[in-house]
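So the protein lines, in turn, are chains S and H.
In short: position in the first sequence from 1, add 39, done, that's the numbering used here.
In short: position in the second sequence from 1, add 46, done, that's the numbering used here.
We treat Cβ as the ideally placed atom computed from N, Cα and C, and that holds for glycine.
Only one structure is covered here, and it is reproduced in the block below.
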Amino acid sequence: MIEVNNITKKFGRKQVLKGVTFTAEKGEITCLIGINGVGKTTILNAIMALTPIKKGEILIDGEKLKPKTFNHITFIPDAITVLPQMTITESMQFMKDYYTTWNEERAQELLSFFKLNPEDKIASLSKGNTAKANLLLGLALDVDYILMDEPFSGIDMFSREQIANVFTSHLIEDRGVIITTHEIGDIEHLIDKVVLLDDGVVKKHFYTEEVREAEGKSVIDVMREEYQG
Amino acid sequence: MKINFNRREPVYVQVVRHFKQQIAMNMLEPGQEIPSRRELAGELKINPNTVQRAYKEMEEQGLIYTERNLPSKITRNEQVLQVVREELIMDAVDQFVTTVQSVQVPLDEIVTIIKEKYEQTNADKGEEDHD
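Structure below.
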């Protein structure tokens with residue numbers, strides 16, 4: 040389980056996170072929702088210790104972040120980080136050299152799952168294929184937790200569908216996933232849990248099936264209530 | 047398998063209902079294997095945990111059974127199958143009665159209409175079958 044306990048963060052005088060608390064369990068997909076600039080990416084960066092936090096703590100399987108933690112967790116940012124002149128094969132080799140958790144078999148499977156051509160240069164890929172290559176490089180690592188920043192943002196509908204299919208496949212199975220998004224539509228039925236962020240705090244934290252069962256509300260209904268009510 | 051999901055109702059409930067309909071209509075036969083949790087999740091594009099929940103519910107209601115590590119199958123229990131059929135009919139009738147009562151149609155009149163409709167659709171179906 041990833042536990043985020045009351046974390047705060049300031050950029051200059053701007054207080055971005057004002058005490059954010061939530062958990063993300065293994066075997067579940069937790070979705071951080073909020074408008075742009077609400078601090079979603081900052082939260083993911085904080086979990087990866089890529090940005091210092093002012094107060095609060097983050098625990099992974101009950102332990103504080105330490106160098107070894109990062110053998111159990113991976114972060115897939117919203118833009119690909121490998122060098123654009125590399126081919127997909129070269130970028131895979133790069134990851135393999137760098138990470139002991141690289142799983143070549145799964146990487147090959149992802150390659151065919153996404154129908155990517157390994158000889159293509161990263162720079163020559165379409166937006167949708169860049170997003171897929173980016174996911175491939177992260178998902179091929181044998182880790183317990185995966186953080187994905189806006190995996191569906193700005194890409195065509197067919198690529199979105201293909202990426203959504205990953206979530207129901209064994210490529211994700213049993214891992215804990217946190218994804219951020221500002222549009223829930225496509226993935227409403229794929230996620231277990233929602234964390235609604237607004238103005239630096241968690242407005243609401245719920246399981247999608249429970250809200251449907253107990254209140255007869257869709258995720259979008261709850262968002263409307265919380266953000267506009 | 048394809049389901050048009052309502053966003054405001056638990057997805058697992060909708061999956062269970064869909065199976066019941068398929069069973070009542072004989073699209074799923076007693077003893078037939080059902081897809082694995084992951085296969086169905088992929089097909090319906092829903093969360094595998096939700097399918098798990100639906101299968102657990104169906105298992106508890108005796109709609110499906112699992113032997114050792116084999117894929118789950120539709121029950122062969124006649125009594126359960128009968129209940130599923132009745133439940134589906136009762137649901138449809140309840141809904142119909144509520145709608146019709148709200149426009150205050152006398153029972154005789156409605157029974158006549160139902161009979162006519164029923165015969166007409168049966169006749170249409172018969173014609174189609176001859177094609």
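Note down, in chain order, every chain S residue with its Cβ under 8 Å from the Cβ of residue i.
i     : result
H:R63 : Residues of chain S passing the Cβ test: none, with the nearest at roughly 14 Å.
H:I92 : T207, H228 and L229
H:R84 : T207, S208, H209 and E212
H:A87 : T207
Could you name the residues that DSSP lists as bridge partners for residue i?
i      : result
S:H244 : S:V234
S:A179 : Its beta-bridge partners do not exist; DSSP assigns none.
H:I110 : H:I120
S:Q54  : S:K49
S:V261 : Bridge partners of S:V261: none, in fact.
S:L186 : S:F114 and S:I217
H:A138 : DSSP lists no partner for H:A138.
S:I86  : Looking at the DSSP assignment, S:I86 forms no beta bridge with any residue, so it has no partner.
Measuring only the C-alpha atoms, how far is residue i from residue j?
i      : j      : result
H:E105 : S:Y137 : 46 Å
H:L116 : H:I110 : 12 Å
S:I41  : S:K93  : 19 Å
S:L178 : S:T169 : 14 Å
S:I211 : S:L98  : 22 Å
H:R83  : H:V151 : 46 Å
S:T126 : S:W141 : 18 Å
S:Q54  : H:K119 : 56 Å
S:N84  : S:L149 : 25 Å
H:T112 : H:L127 : 17 Å
S:V216 : S:Y266 : 25 Å
H:A138 : S:K107 : 58 Å
Taking 8 Å as the threshold (beta carbon to beta carbon), is residue i in contact with chain C?
i     : result
H:P56 : The structure shown contains no chain C; its protein chains are S and H.
Under 8 Å between beta-carbons, which chain H residues line up against residue i? List them in chain order, please.
i      : result
S:N142 : Under the 8 Å cutoff, chain H gives no residues; its nearest Cβ is about 19 Å from S:N142.
Please compile the residues from chain H whose C-beta is within a distance smaller than 9 Å of the C-beta of residue i.
i      : result
S:D260 : R53 and R54
Quick one: which chain S residues come within Cβ less than 7 Å of residue i?
i     : result
H:T96 : E248
Taking Cβ-Cβ distances below 9 Å as the criterion, which residues of the region 59 to 84 of chain S are in contact with chain H? G66, E67 and I68
Contact set between the region 230 to 257 of chain S and chain H, restricted to residues whose Cβ is under 7 Å from the partner: I230, D231, E248, R251, E252, G255, K256 and S257
In chain order, which continuous runs of the beta strand (DSSP E) of length 3 or greater are located wholly inside the region 93 to 138 of chain S? 94 to 99 and 112 to 115
Cβ-based contacts, 9 Å cut-off: residues of the region 196 to 220 of chain S near chain H: E200, A203, N204, F206, T207, S208, H209, I211 and E212
For the region 114 to 144 of chain H, which residues have a CB atom closer than 7 Å to at least one CB atom of chain S, in sequence order? none
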